[in-house]
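Residue numbers (the UniProt record's numbering), protein chains in the order written: chain S, 1 to 420; chain A, 1 to 420. For each residue, glycine too, the CB sits at the ideal point set by N, CA and C.
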C-alpha cells in the first residue's frame, strides 16, 4: 500500500522471521491485520496457526490489536485498499467563503500532519486528549476533494467530478449530498474514530463548516475470519465481486492513470450513496423471494447457479420450466456487465440510526466505492440498476456525493500537494 | 454469573484443561473474554500465554472472538456484572394502552425466548436474517421495568422506582427521559447489537412503541488489556471506584436483598443519565486545570495524591501553600462518601453523535449505573455533585431514567416471572 513502510512493520517482519513465519505481500496489503502480530507479541501471546485462512502451510493469523497501525505515507492514500476496518465516519465540509488557494494549502498541511500522527497512535499536534490517541487500531484518514475545492485551488477537475446524474429511484435529501472536502475516518475502534474525527474537525474550524456526518459499521475486528465479505442489514453477503487488492486488475480499476488530470494520478474517484433499506417491508418477503431478488443464496452468498460465494454466475442456466435460474430482475444480473472495465471497488458500511414513529428501524447502507473513473465505471452500473433491479422495491438512495481522492504523499509532502 | 453454565463453557473448560490451563472463577466471570479461547481453537489457533494480565503463572488470555457467548439464564440477568462490551444500545419503550398483565406475561416470555437464543448465537424464533445471528460476540440483553410496567403488572414498586429528584444542574430534554420497559443490548460487535435490537423490537410491535434509543461505545474488544478502566471523551479515566465483580462487596452494593419487594431479590436498580459534554469549552482548560477539576491525573487516572489509578486518595494532603492537593470542588472528592454504602457499579458508555451548526462535536456520556437502592446509593452522590462539582462547568445532564432490573430466570422461566 505504501512504499514508505514504517519502522514497526519492519520490526514485525523481523519478529515474524524469528518465529519462522514470513509476512507475504498479501499480509502487508492487509496492513493492520498483519501488524497485529507484533502487538500480540508485546502483550505476551504466541500465536501458532495450523492451517486456516484457506492455506495449507503454517502462516500468520491476523490477531486484532489496538496498536496495529496502517502506514500513512505512500503512493496512494490509505483507506482505499486497506482491509476495511470495523467503524467509519464520513464527514463532508463546506469551505468558508474566505478560503483561497493559499489557505487550502495551509489547511491540507495541517490535516496531513495530524492525520499522519493519529494513524500511528501519536497525539495530534494540539491534541487536547493525547491519552485517547494511543490506540490506532488500524486508523486510516482518507481525504477527498469536491468540485468546489478543486475550483478554489484553480485545478483541472476530472469530468466525472460532479453530482451523479439523477436516477429515477433517487429520493435525495439535500442534507446528505455533496460537499467540498471529504474525510473518511476508519478504525477498528470506535473511540479512536471519535477522537480522530474531533481532532481533525478542530483543525478545520477556521477553514470549513460541517455539511454532513455519516457513521457506519461492519462486524468487529476479530468477529469473523479476515477477508469475510460483509453482510448488510438485509442479511445479504455484500461486496463479493470486488477486485482483489494487490492485483493489476485492482490497480487498473481503482487508481487514476494519465487519462485523469495529472494531479490525480495515483488517486481515485469516490462515490458515497446513502441507501435507506426498508427492513420492515423486507420482512414481508420469504427466503426464496429474497434470493431471487438478489440472485444469490442468503446462506453463503453463492450465485443461484453455484455453491460457493466466488463461483462465477451462469446467466444462461434455466429452471426445468425454462425460466432463468438467476432472474432478469435480480440485483446480481443487473449489477454485472459483460464489460469487465465497468467494475468498482466497494467499501461500504451499514448504518442503523434511532427509529422514529411506528418504524422499528432506521437503517441502511453507506454504499461507498472507489473507481478511477466514476462516469465510466459506477454510472453504467447504477443506470442498469435504476432501470430494472427488484431490490429497488426495498431500497431508496437518499444521499449522494462524489469526491476525487488525491494520491498519497511523502513525509515531506502533504495530501493534495500535486494540486496546489 | 449463572449457575446454568452452558455446554460451550464446559467444552472450553475441558479444552483449557487439555492444554494445561484452567479457567478460574474470575475468568468465568469475565464471560466471553475467557470464552474466546474455545473459539480460537475452532479457527485453528493455539494460544500460549506467557505471563501477562497481572499474574506470574501461565494463564488463559481473553482472546476476542465473535463466537464468545455469555450465559443467559441464571440467578441474575447478564449485562450487569458482565465485563462491559464495546457497544451498547439502550431502548426505552412505552407500553400500549391495551397491554394488561396477561399481555405483559406473553411479552416477557417472547422477549426472554428470543434474547436467550440471540445471546447464544442462535437465530430468534422468527428471525428474518438468521445469518446475522451467528456472531454473539458476548451479546447480553438486560431487561428493566419502569414504574408504569410494574403498575400494570399489579406489583409492588420499590420506593426508588420513580424519576430522580430534580437537580439544579439538570437541563432534561423530555425525549431522553423515563420509559415503561428498558432493553440494554450490548455486544463487542456492532452488527450483532443492530440485529438483536431489531429482532427484539419486532417482538414488541404489538405491545409497545419506542420512546428513545441511545447508543454508545467503549474501546473495541482487543484494543486494550481486559479490565482497563474506560476513558470518556474528556480523556478522563472513568469508573475507577467500581466494586470488584464477584466480591461480597459487589454483591451487597448491587443485588437487591430482602429490603426490596420480593420479586426484585436478585435484581438491581438501574439509572441512565445522558450527560452532554461540552468538548469545545473543555478545550479552553489546560491539563492542570483539568486534573484539578477531576482530582485525578489524566495520564493514568491516579488520584492527585497518588501514583497509581487504584491508590486511595488522601483528602487531607495539602500543597506547600496549604491548599488541599485534591481540591474541595473536584469531582473525585464530591463523588466520594465516607459512607461506603453510598457506592454504585458504573457501566457507562460514550456517545458521539453528528454535530450541528458551528459545534465540532455532539458528544457525551451515557452514565449508566447499577445499585440495589437508587435512593440510598445514587441520589446522595448526585446530590453532592449537584451542590459543588467543578465538572458541572463542562457537563450537563440532558436525560434521566430509572428502571428496576428484575432477577435472572431459569430455562423454564422468563425474565420478570417473579413479578407476574
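ask   = Is the CB-CB distance between residue 255 (chain S) and residue 268 (chain S) below 8 Å?
value = Taking the first residue of the first chain as 1, we reach residue 255 (chain S) at position 255. Taking the first residue of the first chain as 1, we reach residue 268 (chain S) at position 268. In contact: residue 255 (chain S) and residue 268 (chain S) (Cβ atoms closer than 8 Å).
inquiry  = Counting only Cβ pairs nearer than 7 Å, list the residues of chain A close to residue 233 (chain S).
reply    = For the purposes of this step, residue 233 (chain S) is identified with residue 233 of the first chain, where counting begins at 1. Correct list: 194.
query = For residue 408 (chain S), is the classification buried or exposed, using 16 other Cβ atoms within 10 angstroms of its Cβ as the cut-off for buried?
reply = Locating residue 408 (chain S) in the first chain gives position 408, counting from the first residue. Buried: at least 16 other Cβ atoms inside 10 Å.
message = With three or more beta-carbon pairs closer than 8 Å as the criterion, would you say the stretch 67 to 85 of chain S touches the stretch 395 to 415 of chain S?
response = Touching, yes.
query = Pairing CB atoms from the stretch 299 to 313 of chain S with CB atoms from the stretch 340 to 355 of chain S, are three or more of them under 8 Å?
reply = no
inquiry  = Output needed for residue 208 (chain S): all residues of its chain with C-beta closer than 8 Å, excluding positions within five of it in sequence on either side, in chain order.
reply    = Here the question's residue 208 (chain S) lines up with position 208 in the first chain. 93, 94, 95, 96, 99, 107, 180, 181, listed in sequence order.
inquiry  = Tell me which residue opens and which closes the alpha helix (DSSP H) that residue 387 (chain S) is part of.
reply    = Taking the first residue of the first chain as 1, we reach residue 387 (chain S) at position 387. 379 to 387 is the extent of the alpha helix (DSSP H) around residue 387 (chain S).
query = Between residue 360 (chain S) and the rest of its own chain, which residues show a CB-CB distance below 8 Å, the 5 nearest in sequence each way excluded?
reply = For the purposes of this step, residue 360 (chain S) is identified with residue 360 of the first chain, where counting begins at 1. So the list reads 279, 280, once near-sequence residues are dropped.
key: Span of the beta strand (DSSP E), counted from its first residue to its last, around residue 399 (chain A)   = By one-based count along the second chain, residue 399 (chain A) stands at place 399. It spans 395 to 405 - the beta strand (DSSP E) in which residue 399 (chain A) sits, taken as one unbroken run.
As assigned by DSSP and simplified to three states, the class of residue 183 (chain S) = As a first step, residue 183 (chain S) is located in the first chain; it is residue number 183 there, counting from the start. Looking at residue 183 (chain S) - three-state DSSP - the assignment turns out to be strand.
ask   = Which two residues bound the contiguous alpha helix (DSSP H) that contains residue 114 (chain A)?
value = What you label residue 114 (chain A) is simply residue 114 of the second chain in a count that begins at 1. It spans 101 to 119 - the alpha helix (DSSP H) in which residue 114 (chain A) sits, taken as one unbroken run.
ask   = With distances taken between CB atoms, is the gap from residue 133 (chain S) to residue 121 (chain S) smaller than 8 Å?
value = The residue labelled residue 133 (chain S) in the question sits at position 133 within the first chain. The residue labelled residue 121 (chain S) in the question sits at position 121 within the first chain. Remark: C-beta atoms of residue 133 (chain S) and residue 121 (chain S) approach each other more closely than 8 Å.
task = Using alpha carbons as the reference points, say which of A:333, A:297, A:82 lies closest to residue 314 (chain A).
result = In the second chain, the residue the question calls residue 314 (chain A) occupies position 314. The shortest Cα separation from residue 314 (chain A) among A:333, A:297, A:82 belongs to A:333.
Interface partners of residue 361 (chain S) on chain A, CB under 7 Å = Taking the first chain and counting its residues from 1, the one referred to as residue 361 (chain S) is at position 361. One finds 198 in chain A with Cβ atoms closer than 7 Å to the Cβ of residue 361 (chain S), taken in chain order.
task = May I have the straight-line CA-CA distance separating residue 329 (chain A) from residue 266 (chain A), to the nearest angstrom?
result = Mapped onto the second chain, residue 329 (chain A) falls at position 329. Mapped onto the second chain, residue 266 (chain A) falls at position 266. Approximately 36 Å between the Cα atoms of the pair.
task = Using a Cβ cut-off of 8 Å, pull out every chain S residue sitting near residue 433 (chain A), in sequence order please.
result = Only positions 1 to 420 of chain A appear in this structure, which leaves residue 433 (chain A) out of reach.
inquiry  = Taking the alpha helix (DSSP H) that residue 282 (chain S) belongs to, which residues open and close that run?
reply    = Here residue 282 (chain S) refers to the residue found at position 282 when the first chain is read from its first residue. Its alpha helix (DSSP H) spans residues 279 to 282.
task = Could you have a look at residue 370 (chain S) and say whether DSSP puts it in helix, strand or coil?
result = Here residue 370 (chain S) refers to the residue found at position 370 of the first chain. Residue state, collapsed to three classes: strand.
task = Could you please give the first and the last residue of the uninterrupted alpha helix (DSSP H) stretch that includes residue 250 (chain A)?
result = Counted from its first residue, the second chain places residue 250 (chain A) at position 250. Note, residue 250 (chain A): alpha helix (DSSP H), 248 to 254.
task = Show which residues of chain A have a CB atom less than 7 Å away from the CB atom of residue 128 (chain S).
result = For this step, residue 128 (chain S) is matched to residue 128 along the first chain. Within 7 Å Cβ-Cβ: 283.
inquiry  = Between the alpha carbons of residue 217 (chain S) and residue 230 (chain S), how many angstroms are there, rounded?
reply    = By one-based count along the first chain, residue 217 (chain S) stands at place 217. By one-based count along the first chain, residue 230 (chain S) stands at place 230. Going by the C-alpha atoms only, they are around 10 Å apart.
key: Residue range of the alpha helix (DSSP H) that includes residue 153 (chain A)   = Residue mapping note: residue 153 (chain A) aligns to position 153 of the second chain, counting from 1. Unbroken alpha helix (DSSP H) run through residue 153 (chain A): 147 to 153.
task = Taking residue 236 (chain S) and residue 294 (chain S) to be in contact with their CB atoms under 8 Å, please state how far apart those CB atoms are, rounded to whole angstroms.
result = Sequence index remark: in the first chain, residue 236 (chain S) carries index 236 (1-based). Sequence index remark: in the first chain, residue 294 (chain S) carries index 294 (1-based). With a Cβ gap of about 6 Å, residue 236 (chain S) and residue 294 (chain S) count as contacting.
ask   = Buried or exposed: which applies to residue 257 (chain S), given that a residue is buried once 16 or more other Cβ atoms fall within 10 Å of its Cβ?
value = Translated into the one-based positions of the first chain, residue 257 (chain S) becomes position 257. That one is exposed.
N- and C-terminal bounds of the beta strand (DSSP E) containing residue 353 (chain A) = Start at 1 with the first residue of the second chain, and residue 353 (chain A) comes out as number 353. Counting along the chain, the beta strand (DSSP E) containing residue 353 (chain A) begins and ends at 349 to 353.
ask   = Where residue 124 (chain S) and residue 375 (chain S) are concerned, what is the direct C-alpha to C-alpha distance, given to the nearest angstrom?
value = Here residue 124 (chain S) corresponds to residue number 124 of the first chain, with the count starting at 1. Here residue 375 (chain S) corresponds to residue number 375 of the first chain, with the count starting at 1. Using only the alpha carbons, I get a separation of about 37 Å.
message = Looking at chain A, is there any beta carbon in it that lies within less than 8 Å of the beta carbon of residue 299 (chain S)?
response = Along the first chain, read from residue 1 onward, the residue named residue 299 (chain S) stands at position 299. By this cut-off, residue 299 (chain S) is an interface position.
ask   = Hey, does residue 157 (chain A) have any beta-carbon neighbour from chain S nearer than 8 Å?
value = If you number the second chain from 1, residue 157 (chain A) lands on position 157. With its beta carbon at least 8 Å from every one in chain S, residue 157 (chain A) lies outside the interface.
task = Taking only beta-carbon positions, decide if residue 135 (chain A) is within less than 8 Å of chain S.
result = For the purposes of this step, residue 135 (chain A) is taken as the residue at position 135 of the second chain. Chain S contact via Cβ: present.
According to DSSP, residues forming a beta bridge with residue 212 (chain A) = For the purposes of this step, residue 212 (chain A) is taken as the residue at position 212 of the second chain. Partner(s): A:92.
query = Residues in its own chain within less than 7 Å of residue 362 (chain A) by CB, not counting five upstream and five downstream?
reply = On the second chain, residue 362 (chain A) is found 362 positions in, with the first residue counted as 1. Counting only Cβ-Cβ distances below 7 Å, and skipping sequence neighbours, we find 353, 354, 355, 356.
inquiry  = Any beta carbon from chain S within less than 8 Å of residue 98 (chain A)'s own beta carbon?
reply    = By 1-based counting over the second chain, the position of residue 98 (chain A) is 98. Taking CB atoms only, residue 98 (chain A) has no neighbour in chain S less than 8 Å away.
query = Apart from the five residues on each side of it in sequence, which residues of its chain come closer than 6 Å, Cβ to Cβ, to residue 143 (chain S)?
reply = The residue you call residue 143 (chain S) lines up with position 143 of the first chain. 415.
ask   = Taking Cβ positions only, does residue 177 (chain A) come closer than 8 Å to chain S?
value = Counting from one through the second chain, the residue named residue 177 (chain A) turns up at place 177. Chain S contact via Cβ: absent.
inquiry  = Within the continuous alpha helix (DSSP H) that includes residue 289 (chain S), where are the two ends?
reply    = Here the question's residue 289 (chain S) lines up with position 289 in the first chain. 287 to 294 is the extent of the alpha helix (DSSP H) around residue 289 (chain S).
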